[in-house]
Amino acid sequence: MSTVFIALQANEDTRPIIEAIEIDNPHAVVNREPAMVKIDAPNRLVIRKDTIEEQIGRRYDLQELQINLITLSGNVDEDEDTLTLTWNE
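Okay, structure coming up:
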């Protein structure tokens with residue numbers, strides 16, 4: 001089993017995004033540091049636009065994620081509605 005992850009800046013803008021990721025990925029482990037939040041998941045992590053929109057209360061373009069993105073690990077599959085990180089075994 002391989003771990004994928006995404007790391008985001010820790011700020012008010014990312015708080016609801018991180019909550020949305022936790023909702024959609026209950027198997028993920030969230031590591032909070034003073035300046036960043038790293039979310040690890042075994043094999044797969046899915047970020048859904050709809051869940052983020054529910055948390056922030058407005059429309060959201062997944063490209064906005066890039067503003068606060070520090071790094072990520074895994075194969076990226078992205079469309080208008082989801083960003084998925086996976087490791088193909």
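Mapping of the sequence shown onto UniProt numbering: position 64 corresponds to residue 64, and the numbering continues sequentially without gaps. Ideal Cβ positions, reconstructed from N, Cα and C, are used throughout, including at glycine. These numbers were taken from a predicted model, which means no experiment stands behind them.
Contacting residues, own chain, Cβ-Cβ under 6 Å from residue i (five flanking each side not counted)
i, result
"I17", "I52"
Nonlocal neighbours in the same chain, by C-beta distance under 7 Å from residue i, ignoring five residues either side
i, result
"M36", "A7, L8, Q9, A10, I70"
"V46", "D24, N25, T82, T84"
Minimum C-alpha distance to residue i - residue among the options
i, options, result
"D61", "V46, L72, D79", "D79"
"E12", "A41, W87, Q55", "Q55"
Distance CB(residue i)-CB(residue j) smaller than 8 Å
i, j, result
"N43", "S2", "yes"
Beta-carbon proximity list for residue i, same chain, < 8 Å, skipping 5 on both sides
i, result
"V76", "L83, T84, L85"
"R32", "A10"
Residue i burial status per 10 Å Cβ neighbour count (16 or more: buried)
i, result
"V4", "buried"
"I67", "exposed"
Bridge-paired residues (DSSP) for residue i
i, result
"D77", "T84"
"N25", "Note: N25 sits in no beta bridge, so no partner."
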